[in-house]
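For the sequence shown, my numbering gives the first residue as 21, with consecutive numbering after it.
Before any comments, here is the structure.
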Amino acid sequence: MIRLSERLQGIADWIEPGSRVADIGTDHGYIPIWLKQTGRSDYIVAGDIHEGPLQKMRDHLDRWLEGDDSGIFLRKGDGLKVIGKGEADTAVIAGMGGLLMIDILSDDPEKTLSVKRFLLQPRNAQDKLRKWLLDNGFAIADEKLVRESRFVWEILLVETEGAFGSPEEALKKKEAYFKGAEEQYEIGQHLIRRKDPNLPDQIRWKKEILQEILDGACRSDSTEAKERSREIAEKLQSLERILNYVNDERRTDPLY
Ligand SMILES: C[S@@+](CC[C@H](N)C(=O)[O-])C[C@H]1O[C@@H](n2cnc3c(N)ncnc32)[C@H](O)[C@@H]1O
Numbered sequence: 021m022i023r024l025s026e027r028l029q030g031i032a033d034w035i036e037p038g039s040r041v042a043d044i045g046t047d048h049g050y051i052p053i054w055l056k057q058t059g060r061s062d063y064i065v066a067g068d069i070h071e072g073p074l075q076k077m078r079d080h081l082d083r084w085l086e087g088d089d090s091g092i093f094l095r096k097g098d099g100l101k102v103i104g105k106g107e108a109d110t111a112v113i114a115g116m117g118g119l120l121m122i123d124i125l126s127d128d129p130e131k132t133l134s135v136k137r138f139l140l141q142p143r144n145a146q147d148k149l150r151k152w153l154l155d156n157g158f159a160i161a162d163e164k165l166v167r168e169s170r171f172v173w174e175i176l177l178v179e180t181e182g183a184f185g186s187p188e189e190a191l192k193k194k195e196a197y198f199k200g201a202e203e204q205y206e207i208g209q210h211l212i213r214r215k216d217p218n219l220p221d222q223i224r225w226k227k228e229i230l231q232e233i234l235d236g237a238c239r240s241d242s243t244e245a246k247e248r249s250r251e252i253a254e255k256l257q258s259l260e261r262i263l264n265y266v267n268d269e270r271r272t273d274p275l276y
């Protein structure tokens, strides 16, 4: 039986038994192999834009499934183009940048809407992805943090029902997500409310990255650099407030 990394297991655990799954940007194909071996899904489309990863996946299928890869369909293509409308209930998009995920989700709104749930694990631009999702009426139903080597990664469980609808509906979902707390997109509200034990490390890591960018921006006198510095300084203050909240055992009202 294949053993998944904590990151991939964290994603796989959120796939409901019996779902028809699409793994977009599958690369090694470990999630499809795990789904097949455990019987959690018997219909899995594994898509990748490049031939190399699909070849690697074919080798992994031979190794782990010993010829019985029925129900796993390898398809080469860009994003959701590898599935038909309504072919998958759940789609995994993991290990890519948040901006690429936005491109994939916005390419064909009807196709995106035909998938009920997305499990997104962005490597970066998590704030831009969260904002785009909420501005476009998606519901961020849950979030989790998982460790892989020295990093902490975010996984978002996103529901599509009502997405790409009216701005009023999108606003309602956004309000339901923030519940009156500070509107920031760097750190997931579910993680803050739950005081996720991995959150302090994740915040420290994000602060380090932002501080490095701020140090670079401070060396320039341009108007853009000043504006960028101001934005980053605000983000750093917001992260500090969240860290204080998470570390204060007496507080249960996130950032009111
Ligand atoms: C870093 S790997 C992540 C593999 C796996 N999903 C994981 O999380 O471990 C990213 C994969 O996405 C593929 N990819 C990049 N852009 C893509 C796109 N627009 N559509 C489908 N696959 C894409 C790459 O070829 C690569 O195999």
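Just so it is clear, CB atoms sit at the ideal spot from N, CA and C, and this is done for glycine as well.
Leaving aside the five residues that flank L24 on each side, the residues in its chain whose CB is nearer than 8 Å to its CB run, in chain order, A32, Y50, I51, W54. Remark: the shortest separation between the CB of G104 and any heavy atom of ligand 1 does not fall under 7 Å. Within the region 148–179, the complete beta strand (DSSP E) segments at least 3 residues long are 159–168, 171–179, listed from N- to C-terminus. Taking C-beta atoms under 8 Å as the contact rule, L256 and L230 qualify, at a distance of about 6 Å.
Chain-ordered, the residues whose CB falls short of 5 Å from any heavy atom of ligand 1 come out as G45, D47, D68, I69, H70, P73, D98, G99, A114, G115.
DSSP, read as helix, strand or coil, puts Q204 in coil. With the rule of 3 Cβ pairs closer than 8 Å, the region 105–124 counts as touching the region 33–43. Selection H70, G72, P37, F198 evaluated against R60 yields P37 as nearest (Cα-Cα). For E269, the closest alpha carbon among the candidates R213, G236, A237, R224 is that of R213. Between E260 and E168, the CB-CB gap reaches or exceeds 8 Å. Only exposed fits E254, as fewer than 16 other CB atoms lie within 10 angstroms of its CB.
Under the criterion of beta carbons closer than 8 Å, L219 and L165 qualify as touching, at roughly 7 Å. Within its own chain, the residues whose Cβ lies closer than 7 Å to the Cβ of L263, once the five positions on either side in sequence are excluded, are P220, I223, listed in chain order. V178 and L120 do not touch by the CB rule: their CB atoms are close to 15 Å apart, not below 8 Å.
Within 10 angstroms of the beta-carbon of M21 lie fewer than 16 other beta-carbons, which makes it exposed. A distance of 8 Å or more separates the beta carbons of A201 and G157. The alpha carbon of L275 has as its nearest neighbour, out of W225, K105, Q209, S242, the alpha carbon of Q209. Close CB contacts of E71 within its chain, under the 8 Å cut and outside five residues either way in sequence, are with K96 (chain order).
Going by DSSP, T58 is part of the alpha helix (DSSP H) stretching over 50–58.
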